[in-house]
Amino acid sequence: MKIATWNVNSLKVRLPQVLDWLAASETDVLCLQELKLTDENFPLQAFVDAGYHACWSGQKTYNGVAIISREPGRDVIKNIPGYEDSQQRVISATLPDGAGGEMRVICAYCPNGQSLESDKYVYKLAWYAALQRWLKSELARYPQLALLGDYNIAPADEDVHNPEKWADQVLVSVPERQAFQDLLGLGLSDAFRLFEQPEKSFSWWDYRQFGFRRNAGLRIDHILLTQALVERCVASEIDKGPRGNEQPSDHAPVWARLVAGA
DNA sequence: ATGACGAAATTGTTTCGA
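Per numbering that gives the first Met the number 0, residue 0 is the first one in the first sequence, and the count goes up by one each step.
This is how it looks when you write it as structure tokens:
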């Protein structure tokens with residue numbers, strides 16, 4: 000089965016592209032971020048017509064996340080339990096794992112942080128600490144768990160088109176990279192790095208100054224897997240195709256393929 | 001140093017993203 004994540008930067012604008020990509024990529028589970036719409040405006044019928052179920056958590060103007068899946072999700076939870084947050088950034092569901100069992104899927108739109116001097120940076124690190132805390136208990140419950148989303152962290156210099164220029168900026172700073180490493184410390188692995196990848200592989204490119212054409216990007220969208228899923232993961236890639244669409248999102252989808260037996 | 005692009009909430013311009 001194929002699981003994927005895509006920050007669509009407005010589901011209202013990007014819905015046709017999402018439907019096209021779902022069909023073309025044969026994705027079974029798609030985590031979406033930056034819906035930028037309220038719950039009542041979620042286009043459920045379009046996904047139902049395409050043969051999918053959905054759960055979502057939206058708000059006006061900003062944020063918003065959804066899980067689109069061929070099978071309905073169980074035990075859907077919004078946000079990080081125990082962490083008070085008016086911003087809708089997380090949704091989780093239990094889904095069939097494609098091998099007769101179940102897997103926990105967490106879809107996350109992690110805060111951007113804006114700059115190291117910003118209150119939003121303080122919020123970002125506090126948010127990651129809350130995620131870390133909560134994941135510990137989730138991992139105890141769910142051996143097969145995948146955390147997919149826009150992390151707003153480029154984990155290493157190889158994930159940055161121009162590391163010298165980006166040094167110590169938001170998205171690459173030492174505390175942010177430590178927060179990412181702390182997640183790996185829980186026993187999670189970066190699916191993309193399980194495999195040999197082209198140099199200069201990115202998942203986001205700035206709209207400005209022909210960022211995509213110049214491949215001036217960052218790899219900030221990730222799929223983290225528990226060991227049980229790592230053993231079933233046979234491929235992971237970034238699909239740059241949709242970034243070349245007319246009126247594209249500034250992010251590209253990232254996917255991982257899981258097979259039934261290890 | 002600033003703005004550059006795109007989306008949303010609004011209808012001229014600001015806020016925010018990464």
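Note that the Cβ used here is the ideal one computed from N, Cα and C, for glycine as well.
Check: Three or more C-beta pairs under 8 Å: does that hold for the stretch 134 to 147 against the stretch 165 to 180?; Outcome: no
Check: Any contact of the stretch 62 to 74 with the stretch 199 to 217, i.e. 3+ C-beta pairs under 8 Å?; Outcome: no
Check: Name the DSSP beta bridge partners of residue 204, please?; Outcome: 216
Check: Using the C-alpha atoms, what's the distance from residue 109 back to residue 248?; Outcome: 17 Å
Check: Do residue 146 and residue 187 have their C-beta atoms closer together than 8 Å?; Outcome: yes
Check: Just checking, does the stretch 79 to 90 make contact with the stretch 240 to 260 on the three C-beta pairs under 8 Å criterion?; Outcome: no
Check: Cα separation between residue 28 and residue 236?; Outcome: 15 Å
Check: Quick check: the Cα distance between residue 103 and residue 64, rounded to an integer number of angstroms?; Outcome: 16 Å
Check: On the DSSP bridge assignment, give the partners of residue 224 in chain order.; Outcome: 145 and 188
Check: DSSP three-state label for residue 104, please.; Outcome: strand
Check: Is it the case that the Cβ atoms of residue 218 and residue 234 are separated by a distance below 8 Å?; Outcome: no
Check: Pick helix, strand or coil for residue 241, following the three-state DSSP scheme.; Outcome: helix
Check: Nearest-angstrom Cα distance between residue 160 and residue 55?; Outcome: 33 Å
Check: From the DSSP output, read off the bridge partner residues of residue 77.; Outcome: 90
Check: DSSP three-state call for residue 28: helix, strand or coil?; Outcome: strand
Check: Between which two residues does the beta strand (DSSP E) carrying residue 3 extend?; Outcome: 1 to 6
Check: Report yes if the CB atom of residue 49 is closer than 8 Å to the CB atom of residue 22, and no otherwise.; Outcome: yes
Check: Whole angstroms are fine: how far does the CA of residue 259 sit from the CA of residue 121?; Outcome: 41 Å
Check: Taking residue 257 as part of the beta strand (DSSP E), name the residues at either end of that continuous run.; Outcome: 253 to 257
Check: May I have a chain-ordered list of the beta strand (DSSP E) segments no shorter than 3 residues that lie completely inside the stretch 108 to 157?; Outcome: 144 to 149
Check: Residue 236 by DSSP, collapsed to three states: which one?; Outcome: strand
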